[in-house]
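Working notes, structure below.
Numbering (the working numbering), first residue to last: 32 to 282.
Written as structure tokens, this is what we have:
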């Protein structure tokens, strides 16, 4: 980890890269359980054999055994220290998608393990960083909201950071869905509530199709998509309370 300590996972499933039925390259994937503990030096197989599963963080799966997956190559400093045959129960646990924490890549996992260590040993500093970041984010949102219009939203290029783990074509399609919807709202020049609702609901419908094809929407992406729908809704006098506009989403 960045602080020089070592963390450990028990890798249970490895999938080699392959091309799907559309000919698109799917990166290799690694499924694992995080082991509880941190070590000053590289832990031995004997030490890891005694380690329990770590418990997850977050509101949905806190205190559950922490399992996850990432896509892409395994870095050379992710060292194999031993092997152990899993039980059927462990394999079934990892195979169940619910509760699996999805990482963009191995480095994302490394940083999350470091954050987990900091929450155990330096929680006050971490929480202060979160508070400062939340205040800065709120200030940016308020500044943007004060001058936000449909034409201004049309100029924006959202989801740029998705390119770190999804093809450019996926990002372009997601943007195009919002571009078309924003243009349609502008062209309405008012319109009825029914017309505006249909346009905004259409965003989630089209994102469902994109998700079905590419699997590109995890928790973070979903929050961004919903937030952007809500921004459009506010500008045309509608609300997404109780997900009235996005409740039919599959992601």
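Just so it is clear, CB atoms sit at the ideal spot from N, CA and C, and this is done for glycine as well.
Measure the alpha-carbon distance for residue i versus residue j and round it to whole angstroms.
i, j, result
"residue 242", "residue 251", "14 Å"
"residue 68", "residue 128", "24 Å"
"residue 174", "residue 168", "10 Å"
"residue 80", "residue 125", "18 Å"
"residue 209", "residue 120", "43 Å"
"residue 220", "residue 155", "50 Å"
"residue 260", "residue 277", "8 Å"
"residue 86", "residue 71", "21 Å"
"residue 183", "residue 202", "19 Å"
"residue 200", "residue 279", "24 Å"
"residue 171", "residue 258", "14 Å"
"residue 265", "residue 222", "15 Å"
"residue 271", "residue 164", "26 Å"
"residue 46", "residue 63", "12 Å"
"residue 37", "residue 73", "6 Å"
"residue 135", "residue 95", "21 Å"
"residue 26", "residue 273", "Outside the shown range of the chain, which is 32 to 282, sits residue 26, and nothing can be said about it."
"residue 118", "residue 111", "20 Å"
Between the beta-carbon of residue i and the beta-carbon of residue j, is there less than 8 Å?
i, j, result
"residue 40", "residue 65", "yes"
"residue 100", "residue 42", "no"
"residue 232", "residue 267", "no"
"residue 130", "residue 76", "no"
"residue 109", "residue 32", "no"
"residue 157", "residue 150", "yes"
"residue 283", "residue 196", "Beyond the ends of the chain as shown, which are 32 and 282, falls residue 283; an answer cannot be given."
"residue 104", "residue 59", "yes"
"residue 190", "residue 244", "no"
"residue 282", "residue 240", "no"
Answer with buried or exposed for residue i, where buried requires no fewer than 16 other C-beta atoms within 10 angstroms of its C-beta.
i, result
"residue 34", "exposed"
"residue 204", "buried"
"residue 48", "exposed"
"residue 91", "In this predicted model, residue 91 has a pLDDT of only 49, less than 50, meaning its place in the structure is not dependable enough to derive any value."
"residue 98", "buried"
"residue 138", "exposed"
"residue 123", "exposed"
"residue 147", "buried"
Below 8 Å on the Cβ atoms is my guess for residue i versus residue j; work out the distance and round it to an integer in Å.
i, j, result
"residue 230", "residue 216", "6 Å"
"residue 213", "residue 181", "6 Å"
"residue 188", "residue 206", "6 Å"
"residue 269", "residue 224", "7 Å"
"residue 249", "residue 133", "5 Å"
Of all the beta strand (DSSP E) runs that stay within the bounds of the region 60–144, which reach a length of 3 or more residues?
60–70, 98–102 and 131–134
Unbroken beta strand (DSSP E) runs of length 3 or more, entirely within the region 158–198: which are they?
none
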